[in-house]
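*Asks:* Sequence order for the protein chains is A and B. Counting from 216, one number per residue, gives the positions in the first sequence under the numbering used here. Counting from 216, one number per residue, gives the positions in the second sequence under the numbering used here. We treat Cβ as the ideally placed atom computed from N, Cα and C, and that holds for glycine. Since we're looking at a predicted model, the values are computed, not measured.
There are 2 protein chains.
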Amino acid sequence: MAKEKVPESVTRRLSLYLRYLRKMKEEENISSGKLARLIGLSDVRIRKDLSYFGQFGTPRKGYKVKELREQISKALGLDRVWNVALVGVGKLGTALLGYPGFKKSGFYIKAGFDVKLSKIGKKIAGVPVYHPYQMPKIIREQKIQIGIIAVPAKAAQESADLLIISGIKAIFNFSPTRVVVPSYVKLKNVDFASKLEVIPYYIVNYPQLKCFQWLDGS
Amino acid sequence: MAKEKVPESVTRRLSLYLRYLRKMKEEENISSGKLARLIGLSDVRIRKDLSYFGQFGTPRKGYKVKELREQISKALGLDRVWNVALVGVGKLGTALLGYPGFKKSGFYIKAGFDVKLSKIGKKIAGVPVYHPYQMPKIIREQKIQIGIIAVPAKAAQESADLLIISGIKAIFNFSPTRVVVPSYVKLKNVDFASKLEVIPYYIVNYPQLKCFQWLDGS
DNA sequence: GAGTGTGAATGTATTCACAGCA
DNA sequence: TGCTGTGAATACATTCACACTC
C-alpha cells in the first residue's frame, strides 16, 4: 500500500471503476473478478490499481461497494466540490453546460465567458455569462480552480492565457488545437478530430479485427 | 521500413503531426527536430513513428512538407472520404455538426438520426435528420462506414446495436457510458467526465507540478 | 556537418504466479 | 476454497547512441 508514482492510466481506470460503482445501488459487495467482467478488464488489473491507494478488500468477500466508492473518490480528490469556468458559450459550450456527467462527479460550472455581447449578462442553462475581461475577478470571487476552453481554434491560446493569469489550476481544452501553458498548470486536451482520425487506420488495416480499445476516453 | 505492429500511440501522434503539417503553407521542408520543438516532443520519437510506414526524409534537408503530409494521410487511411452518421441530434450532436475538424480530415456527416419528431425530415446544419428506423436503409445507400453516438446514456447501447445491424464498421461514442460491440466493430469512446475526473488528483497531489500531458485527445 | 533511420538499452505498464487470509 | 494483495516476469513504449547519407 501507499506506493510510489501512480501512472496516469491508473487514475483513468479508477474513474471508470467509480462510474460502475455509482450505478450499483443494491449490491453490498463486489469482487474484483465480477467488476472486471462487467467492465471488460482483468481482475488483477483492478486489484493492482487499487493497491496504489491502500487495502480496501476482505479476502473471502471482495469489496464493500459503498466503501470502495468513497475510497476511490477520495483517492482521486473527488470527495469535494470543484468549481469550473467555461470559456466559450457557443454550441459546444452550451452542450457541455447540459452534460450530466459533470455535476455527478462534483464539478460545478459557476460561470461562462463569451465575447458575444448578446449573451453577456444572461444566464444560459442557469449559468451566468460574463465578458472575458471580468474573468480574473469572477474566478477569484467564485473560487474557481478549473477552466474549460470551448472556443474556436484561433481564440484558444488567448483564452488559456487569460485563465492562467486569473489563477486557474487546470485547463480542460475542447478546442481543436494545442495550447501552451506554464508547467504549474495542468492541461487536458479533448481532441475529437485527432481521435476520429485514427479510426480509418484500423478499418483499412484490420478489417476483421477489433480496434484497440483504450480505457480512457478513447 | 514496413514494420510489424503499429502501436495505437503512434497512430495518435501521426494524426497530431498531420495537424501541424496542414498548417504549414509556406515551408517547403521541415526537419524532425523543428517539428518536434513545435509540438513539444523529441525528434527521435517523430522519426521512429514515421519509420513504421517508410522512409520519407532526406538526410541533409529533412522532410518535404507536402509529401510527408500525403504519406501520413495515406498511412492513416485519410487519403479518401469517410461518410459518417450522427445518432442523436441534440445539443452535443448539433455542436459536432458544426465542428470544423471533421470536414478538414475528410469526414462527412451525411445523415443524422433522432427520435424527436420535430427534427425528423428537416436539415440541421445542412444535414438531413431521419428517424432511427430508417438507419439500415440510409447507411447502406449513403455508404456510411462510421457512426457517432451523441445520445443520452440510456439510449447509447440501442443506438450502437442499431448502427451495428446497419453494417457500420466503427463507432465513435460521445455518450457518458460504455457500450458493448462485437469484435469486428471498432470502438472509440470520448469520455469527458472520465477525463475531467483525473484532474483533481493532480491538483491535490502535485500542486506545483505539471499534469502528465498525454498526446491523444488527453 | 546536419540531418535521417534504427538496433540496443532503458524505462514503464501489464500480466503471471503465488503467498496469505477468513 | 475463494478471494485479496504483491513481488517477479513479461511485454510494451520510449529514449539513447551511433551508423549512414547528402
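(1) Quick check: the stretch 361–373 of chain B against the stretch 382–392 of chain B, are there 3 or more CB pairs under 8 angstroms?
(2) Looking at the structure shown, is Ala385/A part of a helix, part of a strand, or coil, going by DSSP?
(3) Applying a beta-carbon distance threshold of less than 7 angstroms, which residues of chain B neighbour Ile361/A?
(4) Out of Leu231/A, Lys279/A and Arg295/A, which has the shortest C-alpha to C-alpha gap to Ser246/A?
(5) Is the beta carbon of Phe328/B sitting closer than 8 angstroms to the one on Pro315/B?
(6) Assuming Ile414/A is part of the alpha helix (DSSP H), what are its boundary residues?
(7) What residues match up with Leu291/B in a beta bridge as DSSP calls it?
(8) In chain A, which residues lie with their C-beta within 8 angstroms of the C-beta of Ser320/B?
(9) Is it true that the stretch 339–357 of chain B meets the stretch 300–318 of chain B, where meeting means three or more beta-carbon pairs spaced less than 8 angstroms apart?
(10) Cβ closer than 8 angstroms: which chain B residues qualify as neighbours of Gly314/A?
(11) DSSP state of Ala310/A, grouped into three classes?
(12) Would you verify that the beta carbon of Ile418/A is, or is not, closer than 8 angstroms to some beta carbon of chain B?
(13) Mind pulling the chain A residues with CB within less than 9 angstroms of Phe317/B?
(14) For my contact list, Val405/B and Lys410/A are in at a C-beta cut-off of 8 angstroms; report their separation, rounded to the angstrom.
(15) Using a Cβ-Cβ cut-off of less than 7 angstroms, give me the residues of the stretch 358–388 of chain B that come near chain A, in sequence order.
(16) List the DSSP bridge partners of Phe157/A.
(17) Going by beta-carbon coordinates alone, are Val394/A and Gln372/A separated by less than 8 angstroms?
(18) Within 10 Å of its beta-carbon, does Lys178/B have 16 or more other beta-carbons around it, so buried, or fewer, so exposed?
(19) If I follow the unbroken beta strand (DSSP E) through Ile361/B, where does it start and stop?
(20) Quick check: the Cα distance between Trp429/B and Phe268/B, rounded to an integer number of angstroms?
(21) Chain B partners of Ala326/A, CB-CB under 7 angstroms?
(22) Please confirm if Cys426/B has its CB atom under 8 angstroms from at least one CB of chain A.
(23) For Leu291/B, go through chain A and note every residue whose CB falls closer than 8 angstroms to its CB, in chain order.
(24) Take the Cβ of Lys220/B as the centre, count every other Cβ of all protein chains shown within 10 Å, and call the residue buried at 16 or more, exposed below.
(25) Between Gly272/A and Val330/A, what straight-line distance do the alpha-carbon atoms span, to the nearest angstrom?
(26) Below 7 angstroms on C-beta distance, what does Arg227/B contact in chain A?
(27) Just to confirm the assignment, what range does the alpha helix (DSSP H) spanning Lys369/A have?
(28) Mind checking who Pro391/B pairs with in its DSSP beta bridge?
(29) With which residues is Val344/A paired in a DSSP beta bridge?
(30) Which of the residues in the stretch 243–275 of chain A, read from start to end, lie with their CB under 7 angstroms from any CB of chain B?
(31) Give the straight-line distance between the Cα atoms of Ser333/B and Tyr416/A, rounded to the nearest whole angstrom.
(32) Of all the CB atoms in chain B, is at least one closer than 8 angstroms to the CB of Ala300/A?
(33) Do you know offhand how far Arg228/A's Cα is from Glu241/B's?
(34) Would the beta-carbon of Val419/A fall within 8 angstroms of that of Gly336/B?
(35) 8 angstroms is my cut-off, CB to CB: does Leu231/B come that close to chain A?
(36) Report the three-state DSSP secondary structure of Val259/B (helix, strand or coil).
*Replies:* Once the coordinates are examined:
(1) yes
(2) Here DSSP, grouped into helix, strand and coil, assigns Ala385/A to strand.
(3) Neighbours of Ile361/A in chain B, taken as residues at a C-beta separation under 7 angstroms, are given in chain order as Ile414.
(4) Cα-wise, what sits closest to Ser246/A is Lys279/A.
(5) no
(6) In the DSSP assignment, Ile414/A falls within the unbroken alpha helix (DSSP H) covering Ile414 to Asn420.
(7) DSSP output for Leu291/B lists no bridge partner at all.
(8) Listed along chain A are Ala408, Leu411 and Glu412, each with a C-beta nearer than 8 angstroms to that of Ser320/B.
(9) Contact holds between the stretch 339–357 of chain B and the stretch 300–318 of chain B, because three or more Cβ pairs, one in each stretch, are under 8 angstroms apart.
(10) Here residue 314/A turns out to be Tyr, not Gly, going by the sequence shown. Leu307, Pro391, Phe407 and Ala408, listed in chain order.
(11) helix
(12) yes
(13) Phe407, Ala408 and Leu411
(14) Approximately 6 angstroms separates the beta-carbon atoms of Val405/B and Lys410/A; this is inside 8 angstroms, confirming the contact.
(15) Listed by position, the residues of the stretch 358–388 of chain B near chain A (Cβ gap below 7 angstroms) are Gln360, Ile361, Lys384, Ala385 and Phe387.
(16) No information on residue 157/A is available, as it lies outside the stretch 216 to 433 that chain A covers here.
(17) yes
(18) Chain B is shown only over 216 to 433; residue 178/B falls outside these bounds and no answer can be derived.
(19) Ile361 to Ile364 is the span of the beta strand (DSSP E), which, as asked, contains Ile361/B.
(20) Note on Trp429/B: pLDDT 40, under 50, position unreliable in the model; no value is reported.
(21) Within chain B, no residue comes near Ala326/A; the closest Cβ sits about 17 angstroms away, beyond 7 angstroms.
(22) Confidence is the limiting factor: at Cys426/B the pLDDT is only 42, short of 50, which leaves the residue's position unreliable, though a coordinate-based value still follows. Judged by the 8 angstroms Cβ criterion, Cys426/B is in contact with chain A.
(23) Within 8 angstroms Cβ-Cβ: Glu412, Val413, Pro415 and Tyr416.
(24) Lys220/B comes out exposed.
(25) Gly272/A and Val330/A: Cα-Cα distance of roughly 51 angstroms.
(26) Ser409 and Val413
(27) Ala368 to Ile380
(28) None; Pro391/B has no bridge partner.
(29) Gly327/A
(30) From the stretch 243–275 of chain A, no residue has a Cβ closer than 7 angstroms to chain B.
(31) Each residue's Cα considered, the two are about 37 angstroms apart.
(32) no
(33) 43 angstroms
(34) no
(35) yes
(36) helix
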